[in-house]
Amino acid sequence: MTQHDVSQWPLVVSIIDSNTLQDDLREVAERWRDWLSWNEPFAALQIFSACDEGLLTERDRVLSWWLDAQRRQIRRNVVALASVIPCAHYEKMPHMGTHEFFGIPTATFASISTALCWLEARAFRPHDLAFNRAAVEATLAGVA
Numbered sequence: 015m016t017q018h019d020v021s022q023w024p025l026v027v028s029i030i031d032s033n034t035l036q037d038d039l040r041e042v043a044e045r046w047r048d049w050l051s052w053n054e055p056f057a058a059l060q061i062f063s064a065c066d067e068g069l070l071t072e073r074d075r076v077l078s079w080w081l082d083a084q085r086r087q088i089r090r091n092v093v094a095l096a097s098v099i100p101c102a103h104y105e106k107m108p109h110m111g112t113h114e115f116f117g118i119p120t121a122t123f124a125s126i127s128t129a130l131c132w133l134e135a136r137a138f139r140p141h142d143l144a145f146n147r148a149a150v151e152a153t154l155a156g157v158a
């Protein structure tokens, strides 16, 4: 199951369980459609509670059609995307480093703290967006 939190907007936090299946992916796509429809810049933080390379590949495959259809809105509204995967799996996935996705900066990290530092530097400060790191960290206390 995936849990979403927009209480720290313009940061969207998604906590993704390792058992995320196709029905859940439809819900994820609907939520993203909602956020994109607000036509406001935002950054996204995806936190995987467990990590299976096969799951990530399948998730990307299932969502690829949707992502292609939303390409223009993603480029207009999403300023950065950070993913956090468990440390035990981070070293096994070097291909998931920092890169661009539809022209937006994306990166994968082993810790939430590092991901938040990167988001602050790459998304919030350059785009002059509100970011209360202490509030975000308090919201995420106990996660991963």
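Going by my numbering, the first residue of the sequence shown is number 15, and it counts up by one from there.
Each residue gets a CB set at the ideal place from its N, CA and C atoms; glycine is no exception.
Owing to the predicted nature of the structure, the values given are computational and were not obtained by experimental measurement.
- Note on Q17: under 16 other CB atoms within 10 angstroms of its CB, so exposed under the neighbour-count rule.
- In the DSSP assignment, no residue is bridged to V150.
- Each of F62, I118, S125, A155 was checked against the Cα of F56, and the nearest Cα belongs to I118.
- Of the residues V26, R139, D31, the one whose Cα lies closest to the Cα of D48 is V26.
- L143: not part of any beta strand (DSSP E); DSSP gives it neither H nor E.
- Nearest to L130 by alpha-carbon distance, out of A148, H141, F116, D142, is A148.
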